[in-house]
Amino acid sequence: PAAPVGMPSLEFADIDKAIDKRIFVGKMPNGTGEDELRSTFEGFGALTECRMVPDRGAGSNAIGFVAFNTWSAAHRALLECDGKKQMRGHAGTSSTIVVSFAERTQNVGRGGGIAYAKGLEVSRVFVGRVPEDVSEPELMDKFGHCGTIESVTILPAKSRLRCAFVTYRFWGEAMDAVEQLNGQSLRAGAESMTVVLAQPRDKEVARGGYSAGAGAGHGGSMGGGGSRYEPPASASKRRRTDNVDLTVLMAAYAAAVNGDGGRSACDILHEQLMQAREQARGYGGGGHYQGGSSHQGGIQYQDQGVVGGSGGGDSGGQRDSARLFIGGLPHDCEDEDLASLCNQLAFTLAPQSTHLLECRVLPGKGCGYIRYATWEASEEAFVALQGRQVEGWQQVLRVQWASPRSGAGAAGGGGVGGG
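Numbers 452 to 870, taken from my numbering, label the letters of the sequence shown in order.
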């Protein structure tokens, strides 16, 4: 899942590339030995490494590294010791050790893992592709091995598979769940689950950070999730020849190559990418309508911003954070078709929270973007549309969180979020 503007990536691969289940321990008194270092941290979990860095000279604090076999053990050690723990040599002073996740400098260079130095506050994981008859006790049993579960929310079935959210006490436990259970089956004979860190909620983005366990009670019924959508027969099927932003095409092409779509989609995107490179012109994405009058370049509804928990809007990058990338559309699909599908979704939220602010199909590419007024609405739309088979459309829909648009986002850019 792509993180909001200013937030680090929530992709497990990106995190694992930047840091490891290993902590850096600094500001230890000179003379601190490996035995004391080990005894300080071995109570948090099994250690795979414990070493002191050789004497760094007079006047320098001692430093060391401790590695664990789980993310939760490393994170718990950080939370309980950073700025709190004193070593024997600190006696009679107010000094404490400092603890942070050690960077994998060979991968990201010095400073490349600073965003994860103290861990994150995301403690919720999204669980996809679980059996329709799944129960909370079954999820508790499967996911409880990774840490202490604060809540389990199972979303209503929209097909033979369901989705859920599992909230842990802290981020390290959620990381263990992703590492250990993503791609595993809930039970014998069941399909492989998708387990990823859940997106932060709108109120977390508004305050510029993540909140552990936010939205623990989120759930509700999507209503009519198993129904099929039939595109309106009156929708015109015209191919538009607007020039598409090169950055958008590159992102869409990368998503197609890394996704599970057919080769033909990749070939079409590649051809369009080459044409756009030659033209070197941006796609304006212009055109707005209010009250239902459509124009070329995407449907833009009256934009009130992404509404936070307090009912306030936000700006720029935060607004883009609630955008969804929709893949698997027919190549002749248009804005009106996608908007009609979105209008058939049933939400558990108040109507003002489910306003569709943007609905845009990239011409001839088989993909597009939608954006709702709140994070909650976007999450419910994500669940309702992911893997949906629309009658008359050849491919099932693929939904991802869209990467936030850069500075001049008004030009209609926006990359495809991995996930």
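Cβ atoms here follow ideal geometry from the backbone N, Cα and C, with glycine treated the same way.
Since the model is a prediction, treat every value here as computed from it, not as a measurement.
Looking at C-alpha atoms only, which residue of the options is the closest neighbour of residue i?
i	options	result
residue 525	639, 802, 621	621
residue 829	841, 784, 649, 787	649
residue 774	796, 546, 810	810
residue 586	605, 572, 597, 518	605
residue 473	460, 462, 528	528
residue 575	601, 566, 802	601
residue 844	780, 499, 549, 564	780
residue 543	493, 467, 480	480
residue 499	477, 511, 522, 812	522
residue 624	558, 580, 496, 787	496
residue 565	813, 808, 475, 806	475
residue 634	578, 619, 617	578
residue 840	797, 792, 599, 853	792
residue 816	784, 807, 797, 801	784
residue 549	559, 563, 531	531
residue 505	801, 477, 490, 492	477
residue 398	599, 790, 545, 603	This structure leaves residue 398 out entirely; the chain is present only between 452 and 870.
residue 443	821, 547, 561, 459	The structure shown has nothing for residue 443, since the chain only spans 452 to 870.
residue 790	821, 797, 651	821
residue 465	599, 559, 590, 801	559
residue 639	593, 616, 608	593
residue 520	511, 545, 493	493
residue 562	541, 616, 469	469
residue 461	557, 511, 567, 591	567
Since residue i sits in a beta bridge, which residues does DSSP pair it with?
i	result
residue 644	None; residue 644 has no bridge partner.
residue 498	519
residue 846	Note: residue 846 sits in no beta bridge, so no partner.
residue 582	612
residue 793	Beta-bridge pairing links residue 793 to no other residue.
residue 476	515, 550
residue 577	616, 647
residue 503	515
Leaving out the 5 sequence neighbours to the left and right, which residues in its chain are closer than 6 Å to residue i when beta-carbon positions are compared?
i	result
residue 838	847
residue 463	629
residue 513	479, 481, 483
residue 626	522
residue 836	848, 850
residue 614	579, 606, 834
residue 467	none
residue 598	523, 619, 624
residue 668	Its pLDDT being 30, under 50, residue 668 is placed unreliably by the model, and nothing is read from it.
In the DSSP assignment, the beta strand (DSSP E) including residue i goes from what residue to what residue?
i	result
residue 813	807-813
residue 568	It is not in any beta strand (DSSP E) - residue 568 carries neither H nor E in the DSSP assignment.
residue 554	549-554
residue 775	774-778
residue 784	First-last for residue 784: undefined, no H or E at that position.
Can you tell me which of the three DSSP states residue i falls into?
i	result
residue 559	helix
residue 597	helix
residue 853	coil
residue 513	strand
residue 638	coil
residue 471	strand
residue 877	The chain is shown only over 452 to 870; residue 877 falls outside these bounds and no answer can be derived.
residue 833	helix
residue 602	strand
residue 460	coil
residue 822	strand
residue 756	Note that residue 756 scores 43 on pLDDT, short of 50, meaning its location in the model is unreliable; the coordinates nonetheless yield the value given after this. In this structure, residue 756 counts as coil in the three-state DSSP scheme.
residue 533	coil
residue 545	coil
residue 607	coil
For residue i, collect the residues of the same chain with a Cβ closer than 7 Å to its Cβ; drop the 5 residues on either side in sequence, then sort them by chain order.
i	result
residue 502	485, 515, 516
residue 660	The predicted model places residue 660 with a pLDDT of 36, which falls under 50 and marks its position as unreliable, so this point remains unresolved.
residue 664	For residue 664, the pLDDT reaches just 31, beneath the cut-off of 50, and the residue's location in the model is therefore unreliable, leaving the point undetermined.
residue 762	For residue 762, the predicted structure reports a pLDDT of 34, less than 50, and the residue's modelled location is therefore unreliable. A value from the coordinates is still provided. Result list for residue 762: empty, nothing under 7 Å.
residue 646	576, 578, 628, 629, 632, 633
residue 823	773, 805, 806, 807, 808, 829, 832
Are the C-beta atoms of residue i and some chain B residue less than 8 Å apart?
i	result
residue 641	Absence of chain B from the displayed structure is noted, only one protein chain being present.
Which stretch, first to last residue, makes up the alpha helix (DSSP H) that contains residue i?
i	result
residue 626	622-632
residue 489	485-492
Can you find the residues in the same chain that come closer than 8 Å, C-beta to C-beta, to residue i, ignoring five residues on each side of it along the sequence?
i	result
residue 636	642, 643, 644
residue 471	518, 552, 553, 555
residue 612	579, 580, 581, 582, 583, 642, 838
residue 487	538, 539
residue 595	none
residue 569	529, 533, 551, 552
residue 535	547
residue 800	671, 825, 827, 828, 831
Is residue i near the ligand ADP, with its Cβ less than 7 Å from a heavy atom?
i	result
residue 476	Among the components of this structure there are no ligands whatsoever, and the ligand ADP is therefore not found.
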